[in-house]
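Chemist: The working numbering numbers the first residue of the sequence shown as 810 and each following residue consecutively. If you scroll down you'll find the structure; I have some questions about it.
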Amino acid sequence: MDWTITSIGASGPLFEGAIAVYGEAFSRPPYSDPDRGAEIRQRIRDTHVFRSGFSFLVACSGPERVVGMAYGYHGSDGQWWHDTVRRALEPRLAEQWLGNSYELVEIAVHPVAQSHGIGAELIENLLDGRHEATCVLSTRTDSDAHRLYRRLGFEEITEMAFTAGGYPFYVMGKKLR
Ligand SMILES: CC(C)(COP(=O)(O)OP(=O)(O)OC[C@H]1O[C@@H](n2cnc3c(N)ncnc32)[C@H](O)[C@@H]1OP(=O)(O)O)[C@@H](O)C(=O)NCCC(=O)NCCS
């Protein structure tokens, strides 16, 4: 399978293609959440697009045929994920990983295109040239995605739930320099 990776903004046919891929990927187990595409479109447009370092990549296997997406931004105090993880960590560890960090917020590859290396290439492209000291993310422990992140050099920082009684997540980080 051939694909190309392109940087886009938060509107237009490629953005909508990315949201469709995201919705498809997260409607499957272990997430089984059919509403997630609409939710993430809203969150990106209302909030994430305005964050420093926002970058959105799509992988296309033909003109306007999106098969994968990933985006991130610079992590800062006052952001819900950043503050929640910071509170869960011992202060020195929190500063080491979150003090100057890029957050890999979401990544998805269409189910029929998974396991061809698209996810790895999206992450490598997203992090290429970043000036932050680390890249951080969280991933549910019952998903296989952590295997990909470990292969790309991410290590486990902690395991935690983001809501009382919620699913456990690995919080993972990679040193960028
Ligand atoms: C995780 C995901 C983005 C990886 O993209 P990909 O193009 O399949 O990744 P690559 O081909 O570069 O690497 C394959 C690795 O991804 C992981 N992977 C493959 N299919 C997966 C799936 N359905 N769910 C989670 N991880 C998967 C495996 O670790 C695999 O490595 P392995 O073959 O050594 O087991 C993609 O599988 C996906 O969209 N999964 C569903 C949504 C998701 O879990 N997103 C991440 C949330 S933190």
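Glycine is no exception: its CB is placed at the ideal position from the N, C-alpha and C atoms.
Measuring straight from C-alpha to C-alpha, what distance separates A942 and E933?
Modeler: 15 Å
Chemist: Do E915 and Y880 have their C-beta atoms closer together than 8 Å?
Modeler: A contact, by the Cβ cut-off of 8 Å.
Chemist: Any chance the segment 900 to 908 sits against the segment 825 to 845, with 3 or more Cβ pairs inside 8 Å?
Modeler: no
Chemist: Kindly indicate which residue of E965, G821, R986 and F824 has the alpha-carbon position closest to the one of G938.
Modeler: R986
Chemist: Is W906 buried or exposed, if buried means 16 or more other CB atoms sit within 10 Å of its CB?
Modeler: buried
Chemist: Looking at ligand 1, does it come within less than 7 Å of G884, judged from the CB to the closest heavy atom?
Modeler: no
Chemist: Once you ignore the five residues that flank L961 on each side, which residues in its own chain have a CB closer than 8 Å to its CB?
Modeler: A929, I932, E933 and K983
Chemist: Just the Cα atoms here: how many angstroms apart are E964 and A819?
Modeler: 30 Å
Chemist: Leaving out the 5 sequence neighbours to the left and right, which residues in its chain are closer than 6 Å to V867 when beta-carbon positions are compared?
Modeler: T815, I817, L823, A827, V875 and M878
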